[in-house]
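What follows is a set of notes on a single structure, which appears directly below.
2 protein chains.
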Amino acid sequence: MSQRASLSSRLGRAMPILDWGRSYTRDTLTSDMVAAVIVTIMLIPQSLAYALLAGLPPEMGLYASILPLMAYAIFGTSRALSVGPVAVASLMTAAAVGNLALQGTAEYIAAAIVLAFLSGLILLVMGVLRLGFLANFLSHPVIAGFITASGILIAASQMKHILGVQASGHNLIEILHALVIQIPNFSLWTLLIGGGSMAFLFWVRKGLKPALLSLGLAPRLADILAKAGPVAAVAVTTGVVALFGLNEAGVAIVGEVPSGLPPLTVPQFDADVWSSLFVSALLISVIGFVESVSVAQTLAAKRRQRIVPDQELIGLGASNIASAISGGYPVTGGFSRSVVNFDAGAETPAAGAFTAIGIAVAALFLTPLIFFLPKATLAATIVVAVLSLVDLSILKRTWIYSRADFTAVAATIVLTLGFGVEIGVLTGVILSIALHLYKTSRPHIAEVGLVPGTEHFRNILRHKVLTDPRVLTIRIDESLYFANARYLEDYVLDRVVGDNALRHVIIMCSAVNEIDMSALESLEAINHRLDSMGIRLHLSEVKGPVMDRLQRSDFLEDLTGKVFLSQHGAVEEVVALCDTPTEAAQATAAQ
Amino acid sequence: MSQRASLSSRLGRAMPILDWGRSYTRDTLTSDMVAAVIVTIMLIPQSLAYALLAGLPPEMGLYASILPLMAYAIFGTSRALSVGPVAVASLMTAAAVGNLALQGTAEYIAAAIVLAFLSGLILLVMGVLRLGFLANFLSHPVIAGFITASGILIAASQMKHILGVQASGHNLIEILHALVIQIPNFSLWTLLIGGGSMAFLFWVRKGLKPALLSLGLAPRLADILAKAGPVAAVAVTTGVVALFGLNEAGVAIVGEVPSGLPPLTVPQFDADVWSSLFVSALLISVIGFVESVSVAQTLAAKRRQRIVPDQELIGLGASNIASAISGGYPVTGGFSRSVVNFDAGAETPAAGAFTAIGIAVAALFLTPLIFFLPKATLAATIVVAVLSLVDLSILKRTWIYSRADFTAVAATIVLTLGFGVEIGVLTGVILSIALHLYKTSRPHIAEVGLVPGTEHFRNILRHKVLTDPRVLTIRIDESLYFANARYLEDYVLDRVVGDNALRHVIIMCSAVNEIDMSALESLEAINHRLDSMGIRLHLSEVKGPVMDRLQRSDFLEDLTGKVFLSQHGAVEEVVALCDTPTEAAQATAAQ
Chain A
1 MSQRASLSSR
11 LGRAMPILDW
21 GRSYTRDTLT
31 SDMVAAVIVT
41 IMLIPQSLAY
51 ALLAGLPPEM
61 GLYASILPLM
71 AYAIFGTSRA
81 LSVGPVAVAS
91 LMTAAAVGNL
101 ALQGTAEYIA
111 AAIVLAFLSG
121 LILLVMGVLR
131 LGFLANFLSH
141 PVIAGFITAS
151 GILIAASQMK
161 HILGVQASGH
171 NLIEILHALV
181 IQIPNFSLWT
191 LLIGGGSMAF
201 LFWVRKGLKP
211 ALLSLGLAPR
221 LADILAKAGP
231 VAAVAVTTGV
241 VALFGLNEAG
251 VAIVGEVPSG
261 LPPLTVPQFD
271 ADVWSSLFVS
281 ALLISVIGFV
291 ESVSVAQTLA
301 AKRRQRIVPD
311 QELIGLGASN
321 IASAISGGYP
331 VTGGFSRSVV
341 NFDAGAETPA
351 AGAFTAIGIA
361 VAALFLTPLI
371 FFLPKATLAA
381 TIVVAVLSLV
391 DLSILKRTWI
401 YSRADFTAVA
411 ATIVLTLGFG
421 VEIGVLTGVI
431 LSIALHLYKT
441 SRPHIAEVGL
451 VPGTEHFRNI
461 LRHKVLTDPR
471 VLTIRIDESL
481 YFANARYLED
491 YVLDRVVGDN
501 ALRHVIIMCS
511 AVNEIDMSAL
521 ESLEAINHRL
531 DSMGIRLHLS
541 EVKGPVMDRL
551 QRSDFLEDLT
561 GKVFLSQHGA
571 VEEVVALCDT
581 PTEAAQATAA
591 Q
Chain B
1 MSQRASLSSR
11 LGRAMPILDW
21 GRSYTRDTLT
31 SDMVAAVIVT
41 IMLIPQSLAY
51 ALLAGLPPEM
61 GLYASILPLM
71 AYAIFGTSRA
81 LSVGPVAVAS
91 LMTAAAVGNL
101 ALQGTAEYIA
111 AAIVLAFLSG
121 LILLVMGVLR
131 LGFLANFLSH
141 PVIAGFITAS
151 GILIAASQMK
161 HILGVQASGH
171 NLIEILHALV
181 IQIPNFSLWT
191 LLIGGGSMAF
201 LFWVRKGLKP
211 ALLSLGLAPR
221 LADILAKAGP
231 VAAVAVTTGV
241 VALFGLNEAG
251 VAIVGEVPSG
261 LPPLTVPQFD
271 ADVWSSLFVS
281 ALLISVIGFV
291 ESVSVAQTLA
301 AKRRQRIVPD
311 QELIGLGASN
321 IASAISGGYP
331 VTGGFSRSVV
341 NFDAGAETPA
351 AGAFTAIGIA
361 VAALFLTPLI
371 FFLPKATLAA
381 TIVVAVLSLV
391 DLSILKRTWI
401 YSRADFTAVA
411 ATIVLTLGFG
421 VEIGVLTGVI
431 LSIALHLYKT
441 SRPHIAEVGL
451 VPGTEHFRNI
461 LRHKVLTDPR
471 VLTIRIDESL
481 YFANARYLED
491 YVLDRVVGDN
501 ALRHVIIMCS
511 AVNEIDMSAL
521 ESLEAINHRL
531 DSMGIRLHLS
541 EVKGPVMDRL
551 QRSDFLEDLT
561 GKVFLSQHGA
571 VEEVVALCDT
581 PTEAAQATAA
591 Q
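Here the protein sequences come in this chain order: A and B. Just so it is clear: in the first sequence, position 310 is 310 by full-length UniProt numbering, and no numbers are missing. Just so it is clear: in the second sequence, position 272 is 272 by full-length UniProt numbering, and no numbers are missing.
Here's what the structure looks like:
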């Protein structure tokens, strides 16, 4: 985009709706509305269930699925992303807010709203300052490990609803311990409903689609019907409970849910609450952003579209603020619902806006219908949904591929399960950064020699190569910076001490992408110390940007040797220098 | 060293004294003893002064210069390093211990001893676990900035002794503020003694050596005499105070210093004190180690000797523990005294042991002589010594060379001056790591083309090169890891979307030293998305270790294109593929 970008194109970047809105046609409208109907049906039980997971009243799940979708439709760049409550963010909300207040209290609800507001602010600020790159420090394996561990935690936390007992905890051990103690108090009717729903939903996931296909349904329709399984489970179990009055027999039900559109809420401005929720809000924001962007990118690529990560921050930020001011809690782009939206044919974010209207209608008119909805059914939909997130194969894959990645994943999983989501993910991030720094602090350094008959230089330990006892060439496979500067110094000096034949050292820099000030000082020290041993230091294959910078220092003037464009040229000239009588060599050097 | 290393050579590595002790001759003895006498003379006033700086009684400075030197002589690997109290560690001791107790109290002294013990333990553990590399995360510019700022802080903190007033603070602003308020109360005699000593010592530093040389003295003797300046200042001012009874006229004196060898002390085992001193002890240890090693390496290189950094940790650890059990405080290898030791001809660590004997004699017999020693004189020796540490040119050099390094230095200096030594150096370390990660998270990526008439590929923006609209080659100048994996994904997809002519993308990996699991997944995503656009992905010039690892994953099987040894070969083959009819190309691809 040129600097003369017009106002309208700049506005279009800030509010993508102005871009796609212009070319909106009747066909697009039809596609979007069809997708919206399908996603709405799927979202209603999901929103109620995730509110339950977050420890919030069910209507907050619905509220979080109305205005946030509208906000994303205006500011988001993905054509298919569906925003709303998701499992991991709901679990993180419960963990964060649970530290401040008891579930069921007004403070708990207020804190969840503040959390959404704070997440929204953080995302907006990150978007405006273009800090989206910060999310990159969550490595893929850490995210995979974190999501797997969260899935296990969530499934375990829902077992109490399926058994109909009271049991809670902040980590897997606490949850399992509480469950074991409470198992004798289980409620038979609840277990039948919860267990039955779970079995049904697992079958829907694995067996319904093939069955529908064998009945001759179109694959797309079969796919969509299979996604509607939770709605069927909700309808049937609600009916059963209402019919037989099982709520009197110990089956916990959703109960009265206020009808109506979301209330306008003003987040509480309490410095203590804000500061104690800040880290949680940051983690929810960043993790939600990473998940959202990866879903959005996957879907966009299928249609050769693109998303703008920094604008996504703004879209998600606006959604969370919209959630906070309409009685909702933190939202982000969900994987399963976005895929359904995409598969159902959504072409623009307008599909999200139509979905919001659908949920609003549900909030207005359908809440009396879910009075008898058993919590066990909602828990079953959560368990079945999150178990698909659990993928321990990441442990095996990283073990084979990279022990550093394995360590980070394993630590993330173990600590998330053992100490909760926040400690787990923070440790994963810090550990993966530390391991990366450790690796680069001990770079691979190879002593190289000439492969006979070529101009190539290779590791003397791996290849049969030609070397000269008077010339040592080392290739450093890493950028030179403070963490490995002294390592290089030690390596060169250890190698050189006692080697009395040596007269020239060449450092081959083809893989050196940076030389920072510390590394420059180490090179100066190496140059100086080699000089005091009568050995000259040369560099070869220094990259343009690195050379530009070296030229701004005194190093090249102090260097006892030369900088050569190619390693081959370096060795040829240096060996020739060794072969000339000393006087001549000095004369050459003085030039 | 082979696995059959004998017991004696393993012992020799753990206790270097067993190595050099074996070849000790009468000549070496003479050299070492001469050096010891010279260093002893220099060390006596320095030890007293640094104890004053640390807020400790003067005898603790002497104690810290006896057993620690013995311990280092046994376990250290440097032949010339002289261990003892140093300026920066003394300032850090004052800062750390000052948080726990008031100067002059028994708790203050006990905490300083615990600090030495804790530092010793940390250094020993780091040595045993070979964690010396951790010190590398203190970048050269951060250390330079920190030492400069510490020098300024120390000089400012000593002005109260030179003016003869009470004024203290934890940062430059507090210190200057207290001084300004107290200036009207200054003591004329103190100022005359302190100011006079300072002027004399500055002259000694700059003018005495040339004067002695012009009198015909040998340069080495002139050098050593010039280093004895502080002893002259101490002797003269002590005499003047004693003669005229200036201590009655407001000149603060050292007063009674107990005679005798160091007492055996047992560090206090108090969990609260230990945990509150831990971070300080860690910082003192690491900074002391870094300083020590760089001095030791510089001196060792001059004689083609080598030091073993991990063994140095053990040597310094033993010294600090020795200091703690003999009533001393944290010690490390000092720059100026080590240079004097080296210049005076010390050949083995035995010189340090002889110095220790010299100081012990002083502690036994000379303490009555320093009763009238004015604190102002000691402060003057500190000010003159530390001002030589102040080198603001690092700001200019980093500004020219690298803005990231400049930012880290400037922050370290400003925060050390403004908030004290610990916050200053911690921020410097964290900031330099963060800036490094930031740089590598946005790697330099160049689109490259063929330089006509060669097999070289260069940046299309910098060079006139040949390209083919159907083939895109990008060269990534950075290892691929989690922090830049998504950046690469975005870069490739942004570049590719909308370019309908494109059929092949080649990623040139000559500067890619690592591909971690996150980057592998990004490459898989890129491969997959390009595939869905009908574009094939190839790699070229992948390094051996990186290729080894890729072969352990499924990536190479899923890759739609090939991995080429050379970029030139890649382009030749890919262009040929484009030129064959589609059927033929598919047949080739299927092979």
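Note that beta-carbon positions come from the ideal geometry of N, C-alpha and C, so glycine has one too. None of these values were measured; they are calculated from a predicted model.
Counting C-beta atoms within 10 angstroms of its own C-beta, Pro258/B has fewer than 16 neighbours from the protein chains shown and is therefore classed as exposed. Distance check between Leu134/A and each of Ser441/B, Phe365/B, Ile359/B places Ser441/B closest, using alpha-carbon atoms only.
Residue-level contact check: Arg552/B touches chain A, since one or more beta carbons of chain A fall below 8 angstroms from its beta carbon. DSSP places His436/B within a helical segment (H, G or I) once states are collapsed to three. Chain order gives the chain A residues near Glu521/B as His140, where near means a beta carbon separation below 8 angstroms. C-alpha of Met42/B to C-alpha of Ala362/B: approximately 12 angstroms in a straight line. Annotated three-state conformation of Asp468/B is strand, per DSSP. Residue contact with chain A for Phe482/B: present (Cβ-Cβ distance below 8 angstroms to some residue of chain A). Nearest CB-CB separation between Met126/B and chain A: not below the 8 angstroms threshold. Apart from the 5 residues on each side of it in sequence, Ala356/A sits with its Cβ closer than 6 angstroms to the Cβ of Ile66, Leu69, Met70 in its chain, given in chain order. For Met547/A, the closest Cβ of chain B is not nearer than 8 angstroms. For His568/A, the CB contacts under 6 angstroms within the same chain, skipping 5 residues up- and downstream, are Glu455 in chain order. By the criterion of a C-beta distance shorter than 7 angstroms, Ala525/B is surrounded in its chain by Glu489, once the five residues flanking it on both sides are discounted.
When 7 angstroms is used as the limit between beta carbons, Thr398/A is near these residues of chain B: Met517, in chain order.
Residue pairing from DSSP leaves Pro45/B without any beta-bridge partner.
Within the stretch 553-578 of chain A, the residues whose Cβ lies closer than 7 angstroms to some Cβ of chain B are Ser553, listed in chain order. A Cβ-Cβ separation of about 5 angstroms places Leu313/B in contact with Met126/B under the 8 angstroms criterion. When Cβ-Cβ separations below 8 angstroms define contact, Glu59/A makes no contact with chain B. Per DSSP, Ile74/B is one residue of the alpha helix (DSSP H) stretching across 67-75. Between Gly145/A and Ile359/A, the C-beta gap is not smaller than 8 angstroms, which leaves the two residues out of contact. Distance from Ala376/A to His140/A at the Cβ level is roughly 35 angstroms; contact not present, criterion being Cβ atoms closer than 8 angstroms. For Lys439/A, the chain B residues whose Cβ falls inside 8 angstroms of its Cβ are Glu514, in order along the chain. Using a 10 angstroms sphere on the CB of Phe117/B, the tally of other CB atoms reaches 16 or more, which defines it as buried. Setting aside the 5 residues that flank it on each side, Gly61/B is surrounded in the same chain by Ser47, Leu48, Tyr50, Ala51, Pro85, each with a C-beta closer than 6 angstroms to its C-beta; the list follows chain order.
The beta carbon of Tyr487/A sits closer than 8 angstroms to some beta carbon of chain B.
For the pair Ala232/A and Tyr24/A, the Cα-to-Cα distance works out to about 34 angstroms.
Taking a cut-off of 8 angstroms for Cβ pairs, the stretch 502-517 of chain A and the stretch 532-540 of chain A touch, as three or more such pairs fall below it. Runs of the alpha helix (DSSP H) spanning 4 or more residues and lying entirely within the stretch 87-146 of chain A occur at 87-98, 106-128, in chain order. The three-state secondary structure of Phe186/B, taken from DSSP, is coil. Residues of chain A with a Cβ closer than 8 angstroms to the Cβ of Glu478/B are, in chain order, Ser479, Asn513.
Beyond the five residues adjoining it in sequence on each side, Pro309/B comes within less than 6 angstroms, by CB distance, of Gly132, Val293 in the same chain, given in chain order. Boundaries around Gly358/B are those of the alpha helix (DSSP H), 350-365, since no beta strand (DSSP E) includes it.
Uninterrupted alpha helix (DSSP H) stretches at least 4 residues long and entirely within the stretch 489-566 of chain B occur at 517-532, 544-550, 555-558, given in chain order. By the Cβ neighbour-count rule, Ala89/A is buried, with 16 or more other Cβ atoms within 10 Å of its own. C-alpha of Ala156/A to C-alpha of Ala379/A: approximately 10 angstroms in a straight line. Partner residues in the beta bridge of Gly333/B, as assigned by DSSP, are Val83/B.
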